[in-house]
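So the protein sequences, as listed, match chains V and Z. For the record, in the first sequence the residue sitting at position 43 is 42 according to numbering that gives the first Met the number 0, with numbers rising by one throughout. For the record, in the second sequence the residue sitting at position 163 is 162 according to numbering that gives the first Met the number 0, with numbers rising by one throughout.
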Amino acid sequence: MVVLTELEKKYLVFEHLNLSQYLDIKDRISLRNVSKRIRSIVDSWDPKLTEVYYQQCNSWRFISESFNSVIKAEDLSASVLSILKHPKLRLEKLKLYRQDNQWEAVSTELNRTDSKLSIRKFEILNNNSKYIITSNFLNLEVLEEVSLCITNETKTEIHKILHSDQCKALQMLTVNSYMNPNTFPFKCFNICPRLNLQFHGVSADNKIAYVIKNIVRRALIEIWYISNDVNPFNITFMQQSFRREDTLIKGYPNFRHYLIPETEEYYEIELEKECIRVEWMR
Amino acid sequence: MTSPASSSEVKYLIESSEGNTFDVSGAALRQSNTFNAMFLNIGADGPIPFTDYNEATLKKVFEYCEHSVNEENYSGPKHQDDLSKWDLNFFNEMDQKMFIDVINASNFLDIERLTSYCCERIARMLRGKNTQEMIKVITLPTAEELEAKQKVEEKKAAAAKKVAEKAAETAEKTETLEELPVQQLVQTTRNKLTRKYLSFSNE
Numbered sequence: 000m001v002v003l004t005e006l007e008k009k010y011l012v013f014e015h016l017n018l019s020q021y022l023d024i025k026d027r028i029s030l031r032n033v034s035k036r037i038r039s040i041v042d043s044w045d046p047k048l049t050e051v052y053y054q055q056c057n058s059w060r061f062i063s064e065s066f067n068s069v070i071k072a073e074d075l076s077a078s079v080l081s082i083l084k085h086p087k088l089r090l091e092k093l094k095l096y097r098q099d100n101q102w103e104a105v106s107t108e109l110n111r112t113d114s115k116l117s118i119r120k121f122e123i124l125n126n127n128s129k130y131i132i133t134s135n136f137l138n139l140e141v142l143e144e145v146s147l148c149i150t151n152e153t154k155t156e157i158h159k160i161l162h163s164d165q166c167k168a169l170q171m172l173t174v175n176s177y178m179n180p181n182t183f184p185f186k187c188f189n190i191c192p193r194l195n196l197q198f199h200g201v202s203a204d205n206k207i208a209y210v211i212k213n214i215v216r217r218a219l220i221e222i223w224y225i226s227n228d229v230n231p232f233n234i235t236f237m238q239q240s241f242r243r244e245d246t247l248i249k250g251y252p253n254f255r256h257y258l259i260p261e262t263e264e265y266y267e268i269e270l271e272k273e274c275i276r277v278e279w280m281r
Numbered sequence: 000m001t002s003p004a005s006s007s008e009v010k011y012l013i014e015s016s017e018g019n020t021f022d023v024s025g026a027a028l029r030q031s032n033t034f035n036a037m038f039l040n041i042g043a044d045g046p047i048p049f050t051d052y053n054e055a056t057l058k059k060v061f062e063y064c065e066h067s068v069n070e071e072n073y074s075g076p077k078h079q080d081d082l083s084k085w086d087l088n089f090f091n092e093m094d095q096k097m098f099i100d101v102i103n104a105s106n107f108l109d110i111e112r113l114t115s116y117c118c119e120r121i122a123r124m125l126r127g128k129n130t131q132e133m134i135k136v137i138t139l140p141t142a143e144e145l146e147a148k149q150k151v152e153e154k155k156a157a158a159a160k161k162v163a164e165k166a167a168e169t170a171e172k173t174e175t176l177e178e179l180p181v182q183q184l185v186q187t188t189r190n191k192l193t194r195k196y197l198s199f200s201n202e
């Protein structure tokens, strides 16, 4: 029979019991610094996080089904990396507010490792959209959605961004923009079959109607949402813009069906004040 | 007495690390998944050996099981605030050493309810504390203490090495003397004595 020391027995408690579901991420980070052996135990626990936000200056938010913790500390990088590198980590969302030096240190380390970060949705909330191109730490087999901001400054990079591996096979690309739709580079987005375009500034209903007619005529996309939360669409104007007799649907004034030539399929356009949906119906 | 558990009246003999035996009811034992997997269907000849744990620990664990026999089936982790007065007393009267032993035994015996309460209790001890405070709670040696301990051990090892080297040297000298032929040995001793005599006469 093996006789264990009191210290060994204590370690056994941490090794055998799954304390991860009882401690939030803040406590786990403190616990992992208690000793080398406890660190390896804590690092083996499934982080079970759903969302991670990087704000700035080593300030992180970790969200799971049972907690929502904001952690800010100088020496967090090692602990955060141990979480982000965990092979069982499957994040619903990674939100990036800033790419400052502290984030760069983490991201460089993530890019260096072979194992990729499994995230379903990656959101870049600043104007540095081209950062997506160099985000090699993303597991592209898992990545379904990317959210970017397009400004006048990043306009020139948009072609590169949309042709990057990270954006090629997405289920949905969300683009936020404060630009005037009249100067927005719609043409570049013709290669995006699934797009959620959110304007947050001036409206240009005329331009939007023109763009929609164009993509419908050329049968380029699967589904697009276009919205403007600051200046909602003028619904009467939009209804007037899409008034071709054969596209109207009796009893549904906000819906239009545009047949796709040589097929029995059609585009459905739903005109709402807040959002216009254009969808290829098969 | 041991037999396949068909009714809650059946008593089982449990053997502790000291070799002592004591009775536990079948109903209490059935809360242990380890027991269920090993003995429930086949029965046990003689006392059931849980000899990795001492009598006090096992009695404490089965005291909990006996108490919770009539409670509803376990349905996942419970918050500490939901514990009954009896549960709280049960935990409060244990010192840390006993608590650690009970956790390990409960974990080995796979008693879900007790193990989960223990987890919640440990978590409660750690929640909201920084690393240094956690070290104190768990009463683990700090990095500095470990370093000091290592230094002492290194010093001890160095001293032991020195002693061993000296012993080896002495052994080598003795060996050299033993290897010398008798004639030469006599001559060497004579030379030594002469040198000693000369040094005395010079004084």
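All C-beta atoms, glycine included, are put in the ideal place defined by N, C-alpha and C. Quantities reported herein were computed from a predicted structural model and do not represent experimental measurements.
query: Thinking Lys59/Z and Phe21/Z are a contact (beta carbons under 8 Å), I'd like their distance in whole angstroms, please.; result: With a Cβ gap of about 12 Å, Lys59/Z and Phe21/Z do not count as contacting.
query: I need the straight-line Cα distance from Asn110/V to Lys212/V, nearest angstrom please.; result: 42 Å
query: Look at the alpha carbon of Glu14/V and the alpha carbon of Thr155/V, and state the distance between them as a whole number of angstroms.; result: 53 Å
query: Does the distance from the C-beta atom of Phe66/V to that of Val51/V stay below 8 Å?; result: no
query: Have a look at Met37/Z and Gln30/Z and give me their C-alpha separation to the nearest angstrom.; result: 13 Å
query: Around the Cβ of Glu91/V, are there at least 16 other Cβ atoms within 10 angstroms (buried) or fewer (exposed)?; result: exposed
query: What does DSSP give as the partner residues of Lys120/V in its beta bridges?; result: Lys92/V and Glu144/V
query: Do Tyr177/V and Asn195/V have their beta-carbon atoms positioned less than 8 Å apart in this structure?; result: no
query: Starting from Asp22/Z, follow its DSSP beta bridges and name the residues at the other end.; result: Leu12/Z
query: Report yes or no: do three or more beta-carbon pairs, one from the stretch 50-57 of chain Z and one from the stretch 120-137 of chain Z, lie closer than 8 Å?; result: no
query: For the alpha helix (DSSP H) that Leu87/Z lies in, which residues bound it at each end?; result: Lys84 to Asn91
query: State yes or no: is the beta carbon of Lys58/Z nearer than 8 Å to at least one beta carbon in chain V?; result: no
query: Is it the case that the stretch 41-60 of chain V contacts the stretch 145-165 of chain Z, given that we only count it when at least three CB pairs across the two stretches are under 8 Å?; result: no
query: Straight-line CA distance for Ser6/Z to Glu111/Z?; result: Residue confidence is low: Ser6/Z scores 47 on pLDDT, short of 50, so the model does not pin down where it sits. No coordinate-derived value is stated.
query: For the structure I just gave you, are there three or more beta carbon pairs, one from the stretch 200-216 of chain V and one from the stretch 161-174 of chain V, closer than 8 Å?; result: no
query: If you run the structure through DSSP and keep just helix, strand and coil, what is Gln238/V?; result: helix
query: Give the residues from the stretch 148-160 of chain V that approach chain Z closer than 9 Å (Cβ to any Cβ), ordered along the chain.; result: none
query: With 8 Å set as the bound, which would you pick, yes or no: does the beta-carbon of Met133/Z sit closer than that to a beta-carbon of chain V?; result: yes
query: Count the other C-beta atoms from every protein chain shown that fall within 10 angstroms of the C-beta of Glu263/V, then say buried if there are 16 or more, exposed otherwise.; result: exposed
query: Can you find a CB in chain V that lies within less than 8 Å of the CB of Gly137/Z?; result: In the sequence as presented, Gly is not what sits at residue 137/Z; that position holds Ile. Closer than 8 Å to some Cβ of chain V, the Cβ of Ile137/Z qualifies, so yes.
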